[in-house]
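These notes concern the structure reproduced below.
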Amino acid sequence: MSNKKIIEIDKDIADIVPGFLENRRKEIITLKDALAKGDFTTARNIGHKISGNAGSYGFDELGEIGANLETNATKKDLQRSKSNVESIEHYLANIEVKYI
Numbered sequence: 001m002s003n004k005k006i007i008e009i010d011k012d013i014a015d016i017v018p019g020f021l022e023n024r025r026k027e028i029i030t031l032k033d034a035l036a037k038g039d040f041t042t043a044r045n046i047g048h049k050i051s052g053n054a055g056s057y058g059f060d061e062l063g064e065i066g067a068n069l070e071t072n073a074t075k076k077d078l079q080r081s082k083s084n085v086e087s088i089e090h091y092l093a094n095i096e097v098k099y100i
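Numbering (my numbering), first residue to last: 1 to 100.
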């Protein structure tokens, strides 16, 4: 039995969800690199994008984490921004999409 959180997504967007999730996984690397360099602008922009897009796909919790990242990166709060990136990574690793 899987310990992953089941996220129910509309089957009408089933063809674009895998690409959306893959792009978010790729952004983890970009985010970690940006924060290592103190590039809060990149982190803020990615957080904003995640915040704005995730809910449209049915990933509300991911959108909330993205909003928190945007806020913390705007404040240049490195620890909280890193924590948000870890939360995004954990979220993506621990969900299973079920199309309904």
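No residue lacks a Cβ here, since even glycine has one placed at the ideal position from N, Cα and C.
If you compare alpha carbons, which of the options is closest to residue i?
i   : options               : result
F20 : T41, E86, L62 and S83 : L62
S81 : L35, R24, R25 and N53 : L35
P18 : H48, D33, F59 and A43 : F59
N84 : H48, N53, I6 and E22  : H48
R25 : G38, A54 and E8       : A54
D77 : Y91, D15 and T41      : T41
Would you report the Cα separation of residue i and residue j, rounded to the nearest angstrom?
i   : j   : result
D10 : Y99 : 6 Å
I88 : I28 : 8 Å
I31 : T74 : According to the sequence as given, residue 31 is Leu; it is not Ile. Cα to Cα, L31 sits roughly 14 Å from T74.
N23 : G38 : 22 Å
R44 : Q79 : 14 Å
Drop a sphere of 10 angstroms on the beta-carbon of residue i, count the other beta-carbons inside from all chains shown, and report buried for 16 or more, exposed for fewer.
i   : result
S56 : exposed
N3  : exposed
If I measure Cβ to Cβ from residue i and keep anything under 7 Å in the same chain, skipping five residues before and after, which residues do I get?
i    : result
I13  : Y57
T86  : In the sequence as displayed, the identity of residue 86 is Glu instead of Thr. Contacts found: none.
N154 : A question about residue 154 goes unanswered here, because the residues of the chain that appear run from 1 up to 100.
Which same chain residues, not among the five before or five after residue i, have their C-beta less than 6 Å away from its C-beta?
i   : result
S51 : G63, G66, A67 and E70
E8  : K98 and I100
Of all the CB atoms in chain B, is at least one closer than 8 Å to the CB of residue i?
i  : result
K5 : No chain B appears in this structure, which consists of one protein chain only.
Given residue i, which residues of its chain have a CB within under 8 Å of its CB, disregarding the five upstream and five downstream residues?
i   : result
N94 : N3, K4 and K5
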